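Undergrad:
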């Protein structure tokens, strides 16, 4: 026969008769859980509470352990229920990953031992899922007279909608065992959904309350708020009023100030300080009547609020602490106008207080040089001039007040507008056959914008105006092939670049002779007097693309500027030549051509140099037209055919 636990059986033998006597005694009953902790997902810096209750005879003792060891940490607190039915394991503030573990609740009495476990997961704020609960409105400090109704508000959101529960002094609030005196409001969709209403308030209701929002994504705790229950008194009742108002203060950066707020009333009000929505006075240490806020090392201006409260009402007043600091950075720097050499900037002040003036800092975007400064700008609009066309710049604006310079605002990197090119292309030529030449050029050094094309002019009659020369427009290439040339004729070629704004200057004449293997012109031809009877000539040899146009020597033509008779000198390949036996204090003109086995190439433009009068005189160099940097080609009687090849 099976007997209930705690019963004892004795056997008595009398004669042939056996009697089983069942003796009922008062027996111990083993522990049995009445409430077990549930798994919880918390947020770092927040809180977690595990509730464990058990019944049994004698009343079981609850012990909490983590990884087989009894919990022991200043962030871990065990709070026992007043009736001894269990306890709450409170962990605050949560830390990840150290708090993530399995926690065990062990209930023990003389009749046995049972255990249950639960797990805790702690997430950082940046790991929270989209539906994680959020406390939209937490409870606030409240003072209520005994027997009056007190309502602690709470509103939360999340997906799915979170369930709201309440804790008082870290223990769960039981709304089912007080004859309905304490109840949770369930008005869905209203600010009081989840609010805790306490009717006929008693002194035992006084304490620290928290609302807790829980859904499948996790659990979020509100900030705690104290409820004070005061005795009814038959005395003169006066609502709170300020007897000493705090005064605004101006301080230097890093300074200190004390702000005093005094309020009176009957009953005397509690006084606290707030910064925005943040309580600066601990609720469990709130002074009555007078509160002094001590501020040290103040770096930022702010508005502080003094709040006085009693059972008869709540009043508040605001005080402004202004830090005399450097001005803030100007905001929203914009470019409103631009030309080829100027950019107009506008910006927001960014400062509630007036500034003395502004500084504009600027430099080319690619430059590592210090920023140039424009000082004393009195308005929030300024035009910066003297810029290079079609160039990127960096701009910053700094506000200045009587303390000094503030930080620079945002950096803008605009570009000046386009302009027509300021220089001509540099060009070269090469004969492909006796009737075909290819002309190359480089983009102008001062393009002043996006070069959209080139115009190539060519003729056999250089005395004509360039508008009467043959003309071709080249886009997307930097060379042109000219065919059907008249053999052994000299062609003059000039090139200009143009942008969307206009044309650049024409290059100097480039001369070519329509003959295979004949060298092109020497470049960078210069003349400099070294004595009263000698002039040094220097140049860069023409390109030699094949043995056919290999340079075998040079031919120099020169004359005195006031004479028509020309002198001719030939010499071996070199890059310089010293011409001697000249007359002192005279002006000479020079032209140079290279020759190959196929003949003499085109001559350079004239270069002029003067011999000095005495040895002490300095040679005076008068530069004539520079070596041709662009190419113009004049064709035979029939129009030459032009082939343009893209790069």
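In our numbering, the protein residues as written are 441 to 1087.
Quick reminder that beta carbons are idealized off the backbone N, C-alpha and C, glycines included.
Keep in mind that this is a model prediction, so the values were computed, not measured.
Using only the alpha-carbon positions, how far apart do residue 530 and residue 626 sit?
TA: Using only the alpha carbons, I get a separation of about 27 Å.
Undergrad: Can you tell which of 610, 669, 528 and 911 has its C-alpha closest to the C-alpha of residue 591?
TA: Of the listed residues, the one whose Cα sits closest to residue 591 is 669.
Undergrad: Which residues does DSSP list as the beta-bridge partners of residue 1091?
TA: As shown, the chain starts at 441 and ends at 1087. That puts residue 1091 outside it, with no answer to give.
Undergrad: Does the distance from the CB of residue 546 to the CB of residue 558 come in under 9 Å?
TA: Not closer than 9 Å, so no.
Undergrad: Just verifying my parser: in three-state terms, what is the DSSP assignment at residue 901?
TA: If DSSP states are grouped into helix, strand and coil, residue 901 belongs with coil.
Undergrad: Determine the DSSP secondary structure at residue 567, reduced to helix, strand or coil.
TA: Helix.
Undergrad: Taking only three categories from DSSP, how would you classify residue 951?
TA: Here residue 951 sits in strand by DSSP.
Undergrad: Per the DSSP calculation, residue 826 is bridged to which residue(s)?
TA: Note: residue 826 sits in no beta bridge, so no partner.
Undergrad: Closest to residue 594 by CA distance: which of 482, 611, 574 and 610 is it?
TA: Nearest C-alpha to residue 594: 574.
Undergrad: According to DSSP, simplified to helix, strand and coil, what is residue 549?
TA: Note: residue 549 maps to strand in three-state DSSP.
Undergrad: Please list, in chain order, all residues of the same chain as residue 732 whose beta carbon is under 6 Å from its beta carbon, the five residues on each side excluded.
TA: Closer than 6 Å at Cβ, skipping near neighbours: 698 and 700.
Undergrad: Please check the pair residue 526 and residue 487, which I expect to be a contact at CB under 8 Å, by giving their CB distance rounded to whole angstroms.
TA: Not confirmed; about 19 Å, so no contact.
Undergrad: Check the C-beta distance from residue 797 over to residue 816 and give it rounded, since I have them as a contact under 8 Å.
TA: With 8 Å as the limit, residue 797 and residue 816 qualify as a contact, their Cβ atoms being about 5 Å apart.
Undergrad: Does the stretch 822-838 come into contact with the stretch 743-754, if we say contact requires no fewer than three beta-carbon pairs (one atom in each stretch) closer than 8 Å?
TA: They do not touch, by the three-pair rule.
Undergrad: Which first and last residues belong to the beta strand (DSSP E) in which residue 991 is found?
TA: Unbroken run through residue 991: none, as it is neither H nor E.
Undergrad: Using DSSP with H/G/I as helix, E/B as strand and the rest coil, what is residue 912?
TA: In this structure, residue 912 counts as strand in the three-state DSSP scheme.
Undergrad: What would DSSP say about residue 763, mapped onto helix, strand or coil?
TA: Reduced to three states, the DSSP call for residue 763 is strand.
Undergrad: Assign residue 867 to buried or exposed, taking buried as 16 or more other Cβ atoms, counted over all protein chains shown, within 10 Å of its Cβ.
TA: Flag for residue 867 reads buried.
Undergrad: What residues in its chain sit with their C-beta under 7 Å from that of residue 760, if we drop five residues either side in the sequence?
TA: Counting only Cβ-Cβ distances below 7 Å, and skipping sequence neighbours, we find 688 and 743.
Undergrad: If the criterion is Cβ atoms closer than 9 Å, does the pair residue 840 and residue 710 meet it?
TA: Going by C-beta atoms, residue 840 is not nearer than 9 Å to residue 710.
Undergrad: Using only the alpha-carbon positions, how far apart do residue 784 and residue 935 sit?
TA: Distance between the alpha carbons of residue 784 and residue 935 is about 35 Å.
Undergrad: Are the beta-carbon atoms belonging to residue 960 and residue 1022 less than 9 Å from one another?
TA: No, they are not a contact pair.
Undergrad: I'd like the list of long-range same chain contacts for residue 691, defined as Cβ closer than 8 Å, with 5 residues on each side in sequence excluded.
TA: Answer for residue 691: 697, 738, 761, 762, 763 and 764, listed in chain order.
Undergrad: By DSSP's criteria, residue 1035 is part of a beta bridge. Which residues make up the other side?
TA: For residue 1035, which the question treats as bridged, DSSP gives the partners 993 and 1040.
Undergrad: Which residues does DSSP pair with residue 881 in a beta bridge?
TA: The partner list for residue 881 (beta bridge, DSSP) reads 867.
Undergrad: Exposed or buried, which one is residue 1013 when buried takes at least 16 other CB atoms within 10 Å?
TA: Exposed, since its Cβ has fewer than 16 Cβ neighbours within 10 Å.
Undergrad: Which ranges does the beta strand (DSSP E) cover as unbroken runs of at least 3 residues, wholly within the stretch 624-704, from first to last along the chain?
TA: As far as the stretch 624-704 is concerned, its whole beta strand (DSSP E) runs of at least 3 residues are 636-638, 647-655, 658-661, 665-670, 678-684 and 689-691.
Undergrad: Taking the beta strand (DSSP E) that residue 482 falls in, what are its first and last residues?
TA: First-last of the beta strand (DSSP E) with residue 482: 480-483.
Undergrad: Is it the case that the Cβ atoms of residue 977 and residue 1042 are separated by a distance below 9 Å?
TA: No, they are not a contact pair.
Undergrad: Does the beta-carbon distance from residue 717 to residue 702 come in below 9 Å?
TA: For residue 717 and residue 702, no; Cβs fall outside 9 Å.
Undergrad: Going by DSSP, name the residue or residues bridged to residue 531.
TA: Answer by DSSP bridge pairing, in chain order: 488 and 516.
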